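Numbering (my numbering), first residue to last: 516 to 1015. Working notes, beginning with the structure itself.
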């Protein structure tokens, strides 16, 4: 299913020689701390690396190496990537004229992640002259720089046309964790949400080759506007087969419109189970017109009548990367040969997570191509007499500079859920709710600065609730002490803080 894609560049040899001299620690303790920090960074243990680089920065806040490598420890992490910006900026500010060019690259990427499209474009433009285009790696890096300059231009356009009446909200710690949560699915006519997570304490106690837990499917129900995970086995079996979660990857459930057929991703294939007499049948894989041993199918969706299936895969007849296909049932109830949805939907980049509207006239999907602003963006396309129309970027705030994917909407195509690893989440990729073109409300913003007893900004988890209401509490994370709540309620609020 969804794996965060990291690009580790080995680019020191791609540039003209530099003569900047960096400090390598002036005491034995400092050298030991730097050695530990670099070991943690190389082993992708980013939080441990961050702690050691921050310790070094208390000794020398202007050291170029400490700031640059400390910035990398945030940049490559799944959480708080925006914190890399001030560290990269400090490294650049304290460099001599012959600063390392790759610093400009990472600063440009960090600006983009932070949604600062103008600064990102400027940094990439400054970076390009240092690239040695005499090598294939350098030529590829030049293409990447031009790509990011283009998506920064797209980002500026989308930001100028931001839809202020579309409201998104992180579902909070009742659903999201410091690991990844994604692929939300609502069971129709019931306040039940299913989603996929790679959190600890799942069915398998082991980790995959990327050192993350295996995927499991979780079920939550809404009680008094609050989400609660269902853990009772008897209640769980109302919504999923009892053996659905295994010690391998299990992900991406969808239901038929009547709720009696379930489809899921398992072992690179799509399987189904039927609810009969209150019990789910054993999982059965779909036929060869859908499944194949030559490629996997990471996401799938079904038309309201159940006769057309939409799915993502990589095939030789595609446009490049993952494409979206569809297959319809024949008179015998079997799936016909799948067909590609065409170049209005698919590009040479990856497309994923299709969702078809109830009337079958609108398809929502995510793509790394088209006129995106970074990572996966969410698009929609309308069905015309000539096939699918041009893909329309759903814009900011639904899309961000990072990955936005797995959009689902209700029958009115107004309310729904999606997943995003944008800055400000709980950790990794989180699930968000959204309301598209909501009625105008009086929106209040509560801004503040969280400090300790000596007035030093600190990070923490803050929860606010209107005292005179039973409305659910809002939760947010402070960044460098700064926090902000957006609320449509007025009156006295109680704020609770959890911090180290």
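A virtual CB, placed ideally from N, CA and C, is assigned to each residue, including glycine. No experiment lies behind these values; they were computed from the predicted model shown.
query                                                                                                                    : result
Beta-ladder partner(s) of residue 600, from DSSP                                                                         : In the DSSP output, where bridge partners are listed per residue, residue 600 has none listed.
Three-way DSSP call (helix, strand, coil) for residue 1016 in this model                                                 : Examination of residue 1016 is not possible in this model, given that the chain is present from 516 through 1015 alone.
Rounded separation between residue 929 and residue 696 - CA only                                                         : 22 Å
Proximity to residue 683 [Cα-Cα], best of 1011, 950, 963                                                                 : 950
Sub-7 Å separation of residue 891 and residue 883 beta-carbons                                                           : yes
Residue 848 versus 856, 822, 780, residue with shortest Cα-Cα distance                                                   : 822
Nearest neighbour of residue 897, chosen from 871, 825, 762, 888 [CA to CA]                                              : 871
Exposure of residue 914, with buried meaning 16 or more beta-carbon neighbours within 10 Å                               : buried
Contact set for residue 875: own chain, Cβ-Cβ below 6 Å, skip 5 residues either direction                                : 818
Local conformation of residue 954 per DSSP, three classes                                                                : coil
Cα-Cα separation, residue 1012 to residue 945                                                                            : 21 Å
N-terminal and C-terminal residue of the alpha helix (DSSP H) that residue 749 is part of                                : 748 to 751
Endpoints, the beta strand (DSSP E) within which residue 885 is located                                                  : Neither: residue 885 is in no beta strand (DSSP E) and is coded neither H nor E.
Local Cβ density within 10 Å of residue 608, reported as buried at 16 or more and exposed below that                     : exposed
Three-pair Cβ contact test at 8 Å for the region 788 to 797 versus the region 739 to 749                                 : no
Minimum C-alpha distance to residue 785 - residue among 806, 797, 773, 771                                               : 806
Pick from 560, 651, 689, 765 that is closest to residue 978, judged by C-alpha positions                                 : 689
Short Cβ contact (7 Å threshold) for residue 889 with residue 863                                                        : no
Residue 535 classed as buried or exposed, judged by whether at least 16 other C-beta atoms fall within 10 angstroms      : With a pLDDT of 37 at residue 535, under the threshold of 50, the modelled position of that residue is not reliable, and no figure is offered here.
Presumed contact (8 Å Cβ cut-off) between residue 815 and residue 769, rounded CB distance                               : 6 Å
Per-residue DSSP class, three states only, for residue 841                                                               : strand
Where residue 912 falls: helix, strand or coil (DSSP)                                                                    : coil
Cα-Cα separation, residue 704 to residue 877                                                                             : 21 Å
Beta-carbon proximity list for residue 843, same chain, < 7 Å, skipping 5 on both sides                                  : 822, 823, 851
Beta-carbon separation (whole angstroms), residue 556 vs residue 602, contact threshold 8 Å                              : Going by Cβ atoms, the distance from residue 556 to residue 602 rounds to 13 Å, so no, they are not a contact pair.
One or two residues paired with residue 906 in a DSSP bridge                                                             : Note: residue 906 sits in no beta bridge, so no partner.
Which residues DSSP lists as bridging residue 685, in chain order                                                        : 947
Closest Cα partner of residue 723 within the set 935, 686, 765                                                           : 765
Endpoints, the alpha helix (DSSP H) within which residue 661 is located                                                  : 651 to 675
Nonlocal neighbours in the same chain, by C-beta distance under 6 Å from residue 717, ignoring five residues either side : 728, 731
Proximity to residue 868 [Cα-Cα], best of 923, 735, 620, 846                                                             : 923
Nonlocal neighbours in the same chain, by C-beta distance under 7 Å from residue 476, ignoring five residues either side : Outside the shown range of the chain (516 to 1015) lies residue 476, about which nothing can therefore be said.
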